[in-house]
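Here's the structure, in structure tokens; my notes come after.
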């Protein structure tokens, strides 16, 4: 089997890719994708640990956690997209660096 | 040029962080389940995972499932609150 | 299902949109507000009836299976926080009856308020990491939408989006930390984790606790992670600012107390020094930047940062007295900051402006509001006959007892520094009027004045006679096993 460390390293790599996406991208919809990538890194971590607990067995605690966490990620994205619709109505652009009204 | 600078620094920081984590993982291996208990509920891989996991959630994790339903309701209410426009009778009352 | 207080709030939350739709044609538009207040009162009564049982031995739900699998545990700390949350919720709902009366979609506002309160009560009752995460998300999603509720102005939407992005990063980091803890210990239940990780050390444990700390620290607004706070508090409607600063941010501090004193043994992980440094940075940053603010709500937001620094001193001290001080300061800060934000909301409601240079002379026209605002600002400074003094004194004694006297001196210096900008606000209120619009300003409407007056009376009462609440906080802090 593939060693467990590879999966954990991949989960960390996804986490940093998600943080990079949130920190540098300008389009607001790409921020929503960044949040999804972050949550998926954690989900991958759960499933990897659950598969390696014992040979030939799976731990369903992690699976139930991931099922519910995917639904929660969907809810957060829905709320974010609703706010982005209104931000577009007010500012006319999808560029997050142009939202500077509160900056003073 | 401002956006390009931010992107380049972002890429450099992210790649550095990933390399640091790879080196860290290769040096100290994960003590996976070192502190774990021996009695846990198992499911064999050869059985059908879908119905078995569903049984587990229903028997042992039902509170989380119900709360998830409330989270969905709350998110739907929230999106409705944001996307709602004034209706005609409310405009007439102003 | 869940325990009675939580059940009742969720039931009322789900039926509020129906009540709002049925009564939308009648003249009294905020009928769903009354419905929500009735629901919160019934839930407060249910909490009171399980109070005596929970103080003696914790109530676990579900009861039927073996106790290492119970998802909710109601003990003294949970009951203390739940009582604070429901009380502030009732006062905010009474205030919103008049404050939000002219907004569109008011039944959805009350529904989201109930969901936020339900989420917070679920967080304080949780006994399992994943249950805590789900209720945390319920609270967070409702608060993102409530900050952006008045969507026809651009500022709330921008503040809500910024808050959402930072809060979602916090939740994702929290989930990542939970997955690492699961990988180390194989279970997510707090009691099972406490016995499994009892002697644990190693760098993976540091990494997992760091990620969990980032997750809770973004919501608790500890200083490098606080950037959403000033914008969200100043752009939200004032009743939501009050409940955000009073209890939502403090739920992060509660979660830090629970995780670092009931699961990770703090002496092994060496967190006290890090908490101490972060608390001094947070206090200093909050108070110094507040001196430069001209907008009232932003000033109060930065002063909230300072008070969160005070709460972290209790966590850094790590002994029973320190945790008592932190928990007591959560309650006192909720009262004081709640009154302050509600009074600012009343001034903005009557005058239409909230900057220091525009509110000159309002004090003569709105006397009761100004007196209440003045009492709450004096309490925030820590003056003796008011309740802020009791909790700051407890934190000072705890830091001396733990050998970190420099933290206590930092609290005193920061209180003196904060007096600088609080007194500036009071002086701006009682000056003679400068502009002409002040002539038509009347006193705050009665429905908005009732919660302000009741909370001010509590500030005075618990300052002069702190024994019952101090005893309650002591019992709550005694629940945490690793407090030395």
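Protein chains in written order, with the working numbering: chain V, 1 to 104; chain W, 1001 to 1094; chain C, 2001 to 2484. From the three backbone atoms N, C-alpha and C, an ideal C-beta is built for every residue, glycine too. Quantities reported herein were computed from a predicted structural model and do not represent experimental measurements.
Query raised in the report: Does the Cβ-Cβ distance between residue 2108 (chain C) and residue 2142 (chain C) come in under 8 Å?
Result: Going by C-beta atoms, residue 2108 (chain C) is not nearer than 8 Å to residue 2142 (chain C).
Report task. Could you tell me whether the region 70 to 86 of chain V touches the region 2139 to 2153 of chain C, where touching means 3 or more Cβ pairs closer than 8 Å? Result -> Short answer: they touch.
Query raised in the report: Which residue from C:2469, C:2093, C:2343 puts its Cα closest to that of residue 2034 (chain C)?
Result: If we check each option's Cα against that of residue 2034 (chain C), C:2093 comes out closest.
Query raised in the report: With 8 Å set as the bound, which would you pick, yes or no: does the beta-carbon of residue 2148 (chain C) sit closer than that to a beta-carbon of chain V?
Result: Yes, residue 2148 (chain C) lies at the interface with chain V (some Cβ there is under 8 Å from its Cβ).
Report task. Identify which residue in V:62, V:38, V:1, V:51 has its Cα closest to the Cα of residue 2165 (chain C). Result -> Closest by alpha carbon: V:38.
Query raised in the report: What is the DSSP secondary structure of residue 2073 (chain C), counted as helix, strand or coil?
Result: Strand, per DSSP.
Query raised in the report: Which residue's Cα is closest to the Cα of residue 2253 (chain C): C:2025, C:2037, C:2157, C:2213?
Result: Closest option to residue 2253 (chain C), Cα to Cα, is C:2213.
Query raised in the report: To the nearest whole angstrom, what separates the beta carbons of residue 2282 (chain C) and residue 2312 (chain C), a pair I think is in contact under 8 Å?
Result: Rounded to the nearest angstrom, the Cβ distance from residue 2282 (chain C) to residue 2312 (chain C) is 6 Å, consistent with a contact under 8 Å.
Query raised in the report: Leaving out five residues before and five after residue 2487 (chain C) in sequence, what residues of the same chain have Cβ atoms less than 8 Å from its Cβ?
Result: Past the boundaries of the shown model lies residue 2487 (chain C); chain C is included only from 2001 to 2484, so the question cannot be answered.
Requested in this report: Measure the CB-CB distance between residue 2316 (chain C) and residue 2272 (chain C) and report whether it falls below 8 Å.
Outcome: Residue 2316 (chain C) is a Cβ neighbour of residue 2272 (chain C), given a cutoff of 8 Å.
Query raised in the report: Taking a cut of 7 Å between CB atoms, which residues from the region 19 to 51 of chain V lie near chain C?
Result: Contact annotation: in the region 19 to 51 of chain V, residues whose CB is within less than 7 Å of a CB in chain C are 22, 31, 35, 38, 39, 41, 42, 45, 46, 49.
Query raised in the report: Is the Cβ-Cβ distance between residue 2428 (chain C) and residue 2356 (chain C) less than 8 Å?
Result: Yes, they are a contact pair.
Query raised in the report: Using 8 Å as the limit for Cβ to Cβ distance, is residue 17 (chain V) near chain C?
Result: Chain C contact via Cβ: absent.
Query - Nearest candidate by alpha-carbon position, reference residue 2242 (chain C), set C:2293, C:2292, C:2297 - result: If we check each option's Cα against that of residue 2242 (chain C), C:2297 comes out closest.
Report task. Confirm, please, whether the CB-CB distance from residue 2099 (chain C) to residue 2338 (chain C) is below 8 Å. Result -> Not a contact, by the Cβ cut-off of 8 Å.
Requested in this report: Check each residue of the region 59 to 73 of chain V: if its Cβ is closer than 9 Å to any Cβ of chain W, include it; give the result in chain order.
Outcome: So the list reads 59, 60, 61, 63, 64, 65, 67, 68, 71, 72, given in the order they occur along the chain.
Query raised in the report: Would residue 94 (chain V) count as contacting chain C if we go by Cβ distances under 8 Å?
Result: By this cut-off, residue 94 (chain V) is not an interface position.
**Report entry** Segment limits, alpha helix (DSSP H) that includes residue 2169 (chain C)
**Finding:** Its alpha helix (DSSP H) spans residues 2154 to 2185.
Query raised in the report: First and last residue of the beta strand (DSSP E) that includes residue 2059 (chain C)?
Result: In the DSSP assignment, residue 2059 (chain C) falls within the unbroken beta strand (DSSP E) covering 2059 to 2061.
Requested in this report: Using a threshold of 8 Å, state whether the C-beta atoms of residue 87 (chain V) and residue 2158 (chain C) are closer than that.
Outcome: Yes; because the gap between Cβ atoms is below 8 Å, this pair is in contact.
**Report entry** residue 2160 (chain C) to residue 2147 (chain C) span [Cα, whole Å]
**Finding:** A straight line joining the alpha-carbon of residue 2160 (chain C) with that of residue 2147 (chain C) spans about 6 Å.
**Report entry** Beta-carbon neighbours of residue 88 (chain V), restricted to chain W and to distances below 9 Å
**Finding:** Using a Cβ-Cβ cut-off of 9 Å, residue 88 (chain V) is close to nothing in chain W; its nearest Cβ partner there is about 12 Å away.
Requested in this report: Assess, as a yes-or-no matter, whether the region 2170 to 2186 of chain C is touched by the region 38 to 52 of chain V under the definition of 3 or more beta carbon pairs within less than 8 Å.
Outcome: Yes, since at least three Cβ pairs between the region 38 to 52 of chain V and the region 2170 to 2186 of chain C fall closer than 8 Å, the two stretches touch.
Requested in this report: Return helix, strand or coil for residue 1041 (chain W), following the three-state DSSP convention.
Outcome: DSSP places residue 1041 (chain W) in coil when its eight states are reduced to three.
Query raised in the report: How is residue 2355 (chain C) classed by DSSP in three states: helix, strand or coil?
Result: Three-state result, residue 2355 (chain C): strand.
Query raised in the report: When the Cβ atoms of the region 7 to 26 of chain V are set against those of the region 1013 to 1020 of chain W, are three or more pairs found closer than 8 Å?
Result: Taking 8 Å as the limit for Cβ pairs, the verdict is that the region 1013 to 1020 of chain W does touch the region 7 to 26 of chain V.
**Report entry** Best match in V:90, V:63, V:29 for proximity to residue 1042 (chain W) [C-alpha to C-alpha]
**Finding:** For residue 1042 (chain W), the closest of V:90, V:63, V:29 by C-alpha to C-alpha distance is V:63.
Query raised in the report: Is it true that the CB of residue 2309 (chain C) sits closer than 8 Å to the CB of residue 2279 (chain C)?
Result: Closer than 8 Å, so yes.
Report task. Name the two residues that bound the continuous alpha helix (DSSP H) containing residue 2404 (chain C). Result -> Residue 2404 (chain C) -> no alpha helix (DSSP H), and no H or E assigned at all.
Report task. Quick one: using the 10 Å Cβ neighbour count with 16 as the cut-off for buried, is residue 2389 (chain C) buried or exposed? Result -> Buried, since its Cβ has 16 or more Cβ neighbours within 10 Å.
Query raised in the report: If we call anything under 8 Å between Cβ atoms a contact, is residue 2097 (chain C) one with residue 2030 (chain C)?
Result: For residue 2097 (chain C) and residue 2030 (chain C), yes; Cβs fall inside 8 Å.
Query raised in the report: Alpha carbon to alpha carbon, what distance is there between residue 2075 (chain C) and residue 2233 (chain C)?
Result: Whole-angstrom Cα-Cα distance: 31 Å.
Requested in this report: Using a Cβ cut-off of 7 Å, pull out every chain C residue sitting near residue 1073 (chain W), in sequence order please.
Outcome: 2014, listed in chain order.
Query raised in the report: Starting from residue 90 (chain V) and walking both ways along the alpha helix (DSSP H), at which residues does that stretch end?
Result: Counting along the chain, the alpha helix (DSSP H) containing residue 90 (chain V) begins and ends at 60 to 91.
**Report entry** Three-state secondary structure (DSSP) of residue 2002 (chain C)
**Finding:** Residue 2002 (chain C): coil per DSSP, three-state reduction.
Query raised in the report: For a contact meaning CB atoms closer than 7 Å, what does residue 6 (chain V) contact in chain C?
Result: The contact set of residue 6 (chain V) on chain C, defined by CB atoms closer than 7 Å, is empty, because the minimum CB distance reaches about 14 Å.
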